[in-house]
Amino acid sequence: MAQGRERDEVHNVALGPSLSVRWVQGFPKQNVHFVNDSTICYPSGNFVIFINIETKKRTVLQCMNGIVGVVATNIPYEVVAFSDRRLRPLIYIYNFPGLTRRTKLKGNVLLDYTLLSFSYCGTYLASYSSLPEFELALWNWESGVILCRKSQPGIDVSQMTFNPMNWHQLCLSSPSAVTVWTIERSNQEHYLKAKSVKLPLEDGSFFNETDVVFPQSLPKDPIYGPVLPVSAIAGLVGEEAETFRPKDDLYALLHPTMHCWTPTSDLYIGCEEGHLLMVNGENLKVTVLNKIEDGPPRVERNLISPVTMAYQKGGVLASGIDGFVYSLLIKDADYKVEDFLEVERPVEHLMFSPSYRMLLIQTDKGSVFIYTFGEEPTFEKVLEACDGKFQATDFITPGNEYCMTLTQSGEVCVWGIEDGACVSRIYLNIQATVLACSPSSLSAAVGTEDGLVHFLDVRDVESPHEVHKAFLSESPVQHLLYDQRGMYVFVGTSEGHIFVINAKPSSSFEILGFIEMGKDILQISTVSPLETDIVEVMVLSPFPETRRSRLEIFSLPKILPEVSASFADERGRLRDEFIHKFVYETEHTLSSAVLNLQSNRIYGFCNQVPYICSYLLPKKEHSGVYILKPYQKLQSKQYGPGMLSLSPHGLWLITIAKCGILCIRDIHTLETFTRCRSHSHQGLGIQSVRISMDGQSILVNGRDDSTLVNLRWRRFGGVLANDILEYSQQLTTYLKTIMDEENDYLSIPRESLDLESQSEHANMQLTIDSSQEELVKVDHTEEIPWIQQKSQEAIKKEVKLFSNKRREIKRGIKALAKTVLDMMEENEAVDDIAKLEQQEFGLDLEELERLHNENEQEVAKIRRDVEMQNLAKRYLAEIIKEECWNSMAVKGRALKCFHIPYVVENFPMKERTDEELKELKRVVQQKKIETECLKLRKEVVEVQSAITLVKKHHEEEDEEEEEDGTVKDTSLPNYMLGSLSTDFRVHTSLLSSQLELHSREEKINQIILLKDIIYKVKTAFNSEFDAAYKQKEIEIARVKEKNVRIKEIILDLELEESVWQPEFEDCEKPERTLVVENSEISAPRHIKPWQKAKAELLVTREMERLLLTRGPDLRRRALMDMMGGVLEVKKEDILRMVIPQPAFMVKPDALWSEEERKHFKEYEKKVKELNEERDKYRKSLETEMKKLQNSIQESTQNFDKHLKRLFERRVKAEMVVNQEELKINNLVFSLLLDEEISSRETFLNNYLARKQEEKNQTSEAIRKSREDLDMYKEHYDNLLAEDKVLDRSFKKEFSEIPSHQVDILYKLFKRRPRIHKHKVHAETTSLVPFGERPGSGKLNKDAFAQLMKAMDDLDSINNMPEGLDTSVWEHFCMTRRAKVENEQKVKQKAAGLIEMVAFLRRRTEDDERVQHEIEKVFHELILLQEDKAKFQLNLTIQILLKQGQVELENFQLMLDYSDAILINKVIIEDLNSVIRAQGQKKVASMMESKEVHKGIFQIEWEHKKMEMEMEDLNQKAWDIQMLFFSRDRQKYLSEPNYETLIAIQIGIMEQTIDVLDKTHKKNVENCKKLLKKLRRFSNQKDIANYTLSCNLREELVAVSERKDICNAMGSKLTCEKIAKERYENMMRQQKLTKISKEQAEQISILQAEVERLRMKTFPALVQM
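Going by our numbering, the first residue of the sequence shown is number 69, and it counts up by one from there.
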């Protein structure tokens, strides 16, 4: 809608002054094309630029709907085609050099065209679009219609070319594929047919691709079923299965970069890997050309990766990224590389002119060179591109002759205003950002990313040079602006600093100071009227906190350079009170704002709403921020962020925006009086606009399209022109004297240009005194920014000013530090209670707090990281525990023997889910139902076969007994069951036999039952394991009980034996692994202070409690002193009892008394008795200990034996589980194979359906092409007949004139003019490799026009025979001209007829190919069904066999090994391997024999089948022989166009049916009318009948009276009469019966004769 409004506005303002394009500067981003032999063209922004190579004259064609997309040229017709880039783009065809639009092509493309290509002959144009269509379309651009189109989703194409020798071929290439499209034509219908080129591998070799749909090399597996393609294994059934390849089968192919055609319709393809390919144009066979090296290899140029190629005679010209053009001389399958030309930059495009006299070379930068062939070849630069897009542009004062541009790389160019020619250029080699030209001198300023401003001298526009540079700051320069009188240069940086520089060269571009603003400055606007002495400056910056924009206005006096020292502080900052700085804010965010020349109004472009507003500035001064409200508000039709600028005289407001439209408005009303679309929103609109001082020229620079447009006025005059011209003259007069003076200063060489003077402050180094540290240390070679220099100077002054004070402060700091150190030493000597912490001595409390906070933050961060790591580990541990432990219904554990190294593990088991139990219940119920059904069927059969009730009763009892027995014995034997699951008492009666598992459902049910058996086996074993585990617990408890007594006995006997105490290990109790004991932790436990205090408190309280509970214990002390702590001596204490010696035994024996000797004997007796008791008790304890140890040994050994048996049971259970799992795996494999077969069958059926649909399409195409061919042939025959009629009727038309004149005229009638072909120069013929190309429509029209022109010469009156009348001659000329025109039509029709016949032949070939593929699919389906049936019948069963047993004929146990020899184990193993190999061969031969026997049976069955088929065929032959052969069938066989005849008959019958239908409707209407009449007549008859019935009653009465009278008078006579009549009737009936019999016999005789005669007319078929 915006575009529509813009068009309307353009129409409205078209009558007033308007803008037109003077010239356009842009450089090619796409390929440059030849329009004719002397003109090239390329797109740039919204324009197509044409350049005459000889005169260098430029012509511009503008696209009115936005940026130009892709461009193509047609040299024979001299037309240019280009597309626009908008939604639903169009293709425009323009004539050259007239640049008038010839046609406009509108397709169904949604977004963009990526490629356009004209055919070399004919009016054909090919286009290719990007996503979403990816559509290739063929146009007849002359008529503007699409002939055909084809979509290939997801395929991007980089190059598209027609075959120069055959427009029917079109090549499309991309970095991954090359496709050749064939355009087939039948009369007016066109068809596109694609064929891909099979590219070699990256190393240049070819890969033999296997057929994915019908692989021929699949191995045969007779045991595990058929081997299917990978797509069937993957389960693919759709179209993706046709191209599916596993990852291992994908190989990297060559990557094409460029292609070109040859005169033999072959293709040369250059690849990224350096290979050169040749593709045959007919069969697309690829040949990798071999590179021949004649001389030494080129250094660093070994691998040539062609970026572009152009064909020439004998080879191709190719270029890469190394800046060289190579000549590839190709001969057969070899080529040789020669250096052809060296270019300064990498070459991106090569193209020959139409005459092949010139070679166009385009570089990656956009420069264009022309190499002219000849005796003295020339190499000329036609277009020199700038290095990057235009960053900024401006007029050189006064702006009517030259302008300047700047690129991002620092290239400055000077252009002429009138013709746009490049006058000069200078390379600054910097990252440039902005450019501005000085109004007061012929100089210019360039801002850079590094914060530098370079000043250029442009007095001599042909050689501009740098005269000065200023290093302002390290932040990039974003804005650079001169005021209107050229007094100051304002430089805005990204940090928000605005530097003010004296713009006059006489002041050496002195930096006056800087002003601090907000960051991200959007625009700087200045006002410098001629009548005032101040410069008003306004700065716009965003204020995102309040969603407003901030405007800051300050003023600078004219005398600022003289008093700059007082205006700025020591650091160079201009003081706000001197520059009168005021701050304003707007309600809306602005993207641009300017200040008018009266400094009382601001104009702003709103950023978020499409409005242009004006704001009045307050007249009174204010402080703080003043909020501006819109005074005038106008909605803009421009969209996107916009920019405003004022004309030099301040009466025009120029607006630009992202839409790419330039509008010039009246400053008072804000209404647009002219506008121009120079750029488009696809190129991100306009970046900047500059208007000359006199307003006659406007420079518009695009943001992203690298296009600079120079606009000029049309119909410009009146007040508009007078105002700006008057102001321009005033300003020029004012600046003339200043410019002359300043230009003279530019011509004087100054020492300021020396780089050393720029870094004089960089050598500064401040050294104050011994106590002062070095503050500033800068490298002598480093350049310092001005703002940093000012800062250092200010610091230096401050240091000099406060040096004494600093010295005093430092002395005080040193004394304070010494005092603190003394206090710290004193602190170390005091007690711990009085000691202060180290941090208490820190004097910088803020620094201490900061370090403390940083420490706490770091600790908290580490703690968080550790907690997160611990949490992650706990989470992982919880997942592992839940999966491997908590989810287990039976936890995995082991049992170890006590004495032997046996370990038995149970089966860890998970709880079965509800779905599994439900499925198992369903299968079990289904099996039970099947068993009951089988039982009932047997009963039904036996009941039907019963004879008597008694016998039936006995049989039922017997059957019940048998059924009971069969139920008990339903389980199969182990060798057929395939496992030993019955040994674990698992019920297997529900299992199906392995020989009966044919269907998928049966196999699934069998798998479910087998899983249940595995579960039951594991459960049975686990129950035994649990019992053994409990038994071990009991045994360990018993051993512990007995060990208590054994320990007591060992203690009593004082033996040094150790007690064997069995314990459970971790593998037996795995739950102990999940619990971490304190003893397992090696690291010391971290105890918090409060936990430590709490523990100490608890210990103290416990000790107090114990002391209170114990109290005085006198009884216990007395018992210990008197009786050893016991009241009664136990038997166990005998070993510790000691009889005390009498006290006299201390004396010698001689001194003893009798009494003492008597006591000694009693003492000895007691000792003896005590020793005897001790011996007895010791022996009893030893016996008891041995008994206990033997008991422990026996019980543990018995448990070990039991566990050994359990181990064998575990091995057997594992064997059963493995057997059942093996059966499950076999069943799962069979199910998978069944699914693969089903997938393959589904894919083949889908493939067959697609091919049948394709067959229908090809059949329909054949039918349609045949109809078109017949119709076209009929027209051709009619035209040919007309031509013959014209020839034959010639003499009849001229029969009135004499015969000799007729003969002369007939000779002239047969005469045809000779058309002189345009002779091509020999030089051109030698250069052009394609020679004469096939004729196109244009050439045919030209030839026909030339023929008609030659006929005009023949029709001249000078060629008229003598004596012939003029009227006859004119009639003769008209007849001859008609004959010639008819002959031309016949020739054209003949060419079209040949083309249509060829098209029909190709469609027939396609139909035959599709039919062959359908037959192939049918054959594959039959083979697959045979394999499927064979797989379903050949079941894999599992049988148990005893292994390792060898049956000997004469078994004799040999015990004598005297003659035995030792054989190496390796020999036995080798022999076993040989035996196994032979066994496998035997198994294979048995399998083969089985297959042979099976084949014999199958052949016999097929033989019987064929015999039966032979009988059926004989019967059918006899039926055919005896078949009634009607005339309709004869006609069907004899009539060639039977279908046409039937169609005619059907038409006649349909017409007859229509006639009958109409007749029937008429009869129905007549019958309805008649029915109405009859109803009326019936009513009348009913009335009459009623009258007659009344009369009938009376007549009946009379008749009955007369009948009675008659009967009474003559009854006898009546009876005789009746008998006579009956006799006559009987005789007559007999006679008629006899006659009918005779006639029936005659009819049968005649029928036999007719049958005999009819059989004579039929061929006799002999019975087979």
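C-beta atoms are modelled at their ideal positions from N, C-alpha and C, and glycine is treated no differently.
All figures in this text were calculated on a predicted structure; none of them were measured in a lab.
When DSSP labels each residue in this structure, what does THR355 get in the three-state scheme?
Taking the sequence shown and counting its residues from 1, the one referred to as residue 355 is at position 287. In this structure, THR355 counts as strand in the three-state DSSP scheme.
Separation of PRO200 from LYS218, as counted between CA atoms
Here residue 218 refers to the residue found at position 150 when the sequence shown is read from its first residue. Here residue 200 refers to the residue found at position 132 when the sequence shown is read from its first residue. Straight-line Cα distance between these residues: approximately 13 Å.
Report the residue ranges of all beta strand (DSSP E) runs contained in full by the stretch 110-162; include only those spanning at least 3 residues, in chain order.
Counting only runs of 3 or more, we get 115-120, 126-130, 136-142, 147-152.
Same chain, Cβ closer than 7 Å to HIS1066, neighbours up to 5 away in sequence not counted
For this step, residue 1066 is matched to residue 998 along the sequence shown. Beyond the five residues adjoining it in sequence on each side, HIS1066 comes within less than 7 Å, by CB distance, of GLN1500 in the same chain, given in chain order.
Here's the rule I'm using: 16 or more other beta-carbon atoms within 10 Å means buried, otherwise exposed. How should SER254 be labelled?
If you number the sequence shown from 1, residue 254 lands on position 186. Classification of SER254: buried, given that the 10 Å Cβ count is 16 or more.
C-beta neighbour in chain B for LYS404, strict 9 Å
The structure shown contains no chain B, having only a single protein chain.
In the DSSP output, what is ILE901 paired with across the bridge?
Here residue 901 refers to the residue found at position 833 of the sequence shown. ILE901 is not bridged to any residue.
Buried versus exposed, by CB contacts within 10 Å (16 or more), ALA1716
Here residue 1716 refers to the residue found at position 1648 when the sequence shown is read from its first residue. Per the 10 Å Cβ criterion, exposed.
If you measure between the beta carbons of LEU496 and SER511, is that distance less than 9 Å?
Sequence index remark: in the sequence shown, residue 496 carries index 428 (1-based). Sequence index remark: in the sequence shown, residue 511 carries index 443 (1-based). Taking C-beta atoms as the reference points, LEU496 and SER511 fail to come closer than 9 Å.
Option in ARG961, HIS1055, ASN1090 with minimal Cα separation from VAL992:
Within the sequence shown, residue 992 is the residue found at index 924, counting from 1. Nearest of ARG961, HIS1055, ASN1090 to VAL992, Cα basis: HIS1055.
By Cβ distance below 7 Å, which residues in the same chain neighbour CYS216 in space, the five residues on each side in sequence not counted?
Against the sequence shown, residue 216 aligns to sequence position 148. Only LEU206, HIS258, TYR259, LEU260 meet the Cβ criterion.
Determine the DSSP secondary structure at VAL177, reduced to helix, strand or coil.
As a working note, residue 177 is residue 109 in the sequence shown. Shown here, VAL177 sits in coil according to DSSP, grouped into three states, outside any helix or strand.
Where ARG1722 sits in the DSSP three-state scheme
Position 1654 of the sequence shown holds residue 1722. Helix.
CA-CA distance, ILE732 and TRP720?
As a working note, residue 732 is residue 664 in the sequence shown. As a working note, residue 720 is residue 652 in the sequence shown. In this model, ILE732 and TRP720 are separated by some 6 Å (Cα to Cα).
Pick out whichever of LYS868, TYR394, PRO268, GLU517 has its Cα sitting closest to the Cα of LYS353.
On the sequence shown, position 285 is the one that residue 353 refers to. Nearest option by C-alpha distance: PRO268.
Tell whether a beta-carbon distance below 9 Å holds between VAL603 and ARG553.
As a working mapping, residue 603 is identified with position 535 in the sequence shown. As a working mapping, residue 553 is identified with position 485 in the sequence shown. With contacts defined as CB atoms closer than 9 Å, VAL603 and ARG553 qualify as a contacting pair.
Relative to the alpha-carbon of LEU184, which residue among ARG154, MET228, VAL213 has its alpha-carbon at the smallest distance?
As a working note, residue 184 is residue 116 in the sequence shown. Considering only alpha carbons, the answer is MET228.
Beta-bridge pairing of GLU620 - partner residues as DSSP gives them:
Residue numbering aside, residue 620 sits at position 552 when the sequence shown is read from its first letter. When beta bridges are read from the DSSP output, GLU620 appears opposite VAL607, VAL651.
Do TYR181 and GLY137 have their beta-carbon atoms positioned less than 9 Å apart in this structure?
Here residue 137 is taken as the residue at index 69 of the sequence shown, counted from 1. Here residue 181 is taken as the residue at index 113 of the sequence shown, counted from 1. Taking 9 Å as the Cβ cut-off, GLY137 and TYR181 qualify as a contacting pair.
Helix, strand or coil at ILE41 according to DSSP, with G and I counted as helix
Within the shown structure, residues of the chain are numbered from 69 to 1732, placing residue 41 beyond reach of any answer.
If you count every other CB in all the chains shown that lies within 10 Å of the CB of GLU1304, and 16 or more means buried, which is it?
As a first step, residue 1304 is located in the sequence shown; it is residue number 1236 there, counting from the start. Looking at its Cβ environment, which holds 16 or more other Cβ atoms inside 10 Å, GLU1304 is buried.
Three Cβ pairs or more, each shorter than 8 Å: is that satisfied between the stretch 673-681 and the stretch 651-661?
The way I'd put it, the stretch 673-681 does touch the stretch 651-661; three or more beta-carbon pairs between them come closer than 8 Å.
With 16 other CB atoms within 10 Å as the buried threshold, where does MET1442 fall?
The residue you call residue 1442 lines up with position 1374 of the sequence shown. That one is exposed.
Do SER746 and VAL1465 have their C-beta atoms within less than 9 Å of each other?
The residue you call residue 746 lines up with position 678 of the sequence shown. The residue you call residue 1465 lines up with position 1397 of the sequence shown. Taking 9 Å as the Cβ cut-off, SER746 and VAL1465 do not qualify as a contacting pair.
Determine which residues share a DSSP beta bridge with VAL248 and list them.
Against the sequence shown, residue 248 aligns to sequence position 180. DSSP, once it has assigned bridges, lists CYS239, LYS263 as partnering VAL248.
Check whether the stretch 1244-1254 touches the stretch 1110-1123, taking contact to mean three or more Cβ pairs, one atom from each stretch, closer than 8 Å.
The way I'd put it, the stretch 1244-1254 does touch the stretch 1110-1123; three or more beta-carbon pairs between them come closer than 8 Å.
So, with DSSP's three-state summary, where would you put HIS565?
The count along the sequence shown starts at 1 and reaches residue 565 at position 497. Reduced to three states, the DSSP call for HIS565 is strand.
Cα-Cα, which of LYS315, HIS343, ILE301, TRP329 is closest to GLU270?
Within the sequence shown, numbered from 1, the residue matching residue 270 stands at position 202. Looking only at LYS315, HIS343, ILE301, TRP329, the smallest Cα-Cα distance to GLU270 is reached by HIS343.
Whole-angstrom distance between ARG154 and PRO221, CA atom to CA atom
Translated into the one-based positions of the sequence shown, residue 221 becomes position 153. Translated into the one-based positions of the sequence shown, residue 154 becomes position 86. In this structure, the straight-line span from the alpha carbon of PRO221 to that of ARG154 is close to 21 Å.
Under the assumption that GLY708 contacts HIS749 (Cβ atoms under 8 Å), give the Cβ distance between them as a whole number of angstroms.
Within the sequence shown, the letter at position 640 stands for residue 708. Within the sequence shown, the letter at position 681 stands for residue 749. Going by Cβ atoms, the distance from GLY708 to HIS749 rounds to 7 Å, so yes, they are a contact pair.
Compute the distance between the beta-carbons of LYS1229 and ILE1207, then report whether it is under 9 Å.
For this step, residue 1229 is matched to residue 1161 along the sequence shown. For this step, residue 1207 is matched to residue 1139 along the sequence shown. Note that the C-beta distance between LYS1229 and ILE1207 is not below 9 Å.
Among PHE1398, ARG639, LEU665, which has the Cα closest to the Cα of GLU866?
Taking the first residue of the sequence shown as position 1, residue 866 is located at position 798. Comparing Cα-Cα distances from GLU866 to each of PHE1398, ARG639, LEU665, the minimum goes to ARG639.
Ordered along the chain, which non-local residues of its own chain (more than five positions away) have a Cβ less than 8 Å from that of ASP588?
One-based indexing of the sequence shown puts residue 588 at position 520. Excluding its 5 nearest sequence neighbours in each direction, ASP588 has C-beta neighbours in its own chain below 8 Å: SER562, GLY564, SER609, PRO610, listed in chain order.
What does DSSP give as the partner residue(s) for ARG758 in the beta ladder?
For this step, residue 758 is matched to residue 690 along the sequence shown. Note: ARG758 sits in a beta bridge opposite LEU767.
Taking three-plus beta-carbon pairs below 8 Å as touching, is the stretch 912-924 in contact with the stretch 1104-1116?
Not touching, per the Cβ criterion.
Rounded distance between the beta-carbons of SER1049 and ILE1081, thought under 8 Å:
Residue numbering aside, residue 1081 sits at position 1013 when the sequence shown is read from its first letter. Residue numbering aside, residue 1049 sits at position 981 when the sequence shown is read from its first letter. The pair is a contact, with the Cβ atoms about 5 Å apart (cut-off 8 Å).
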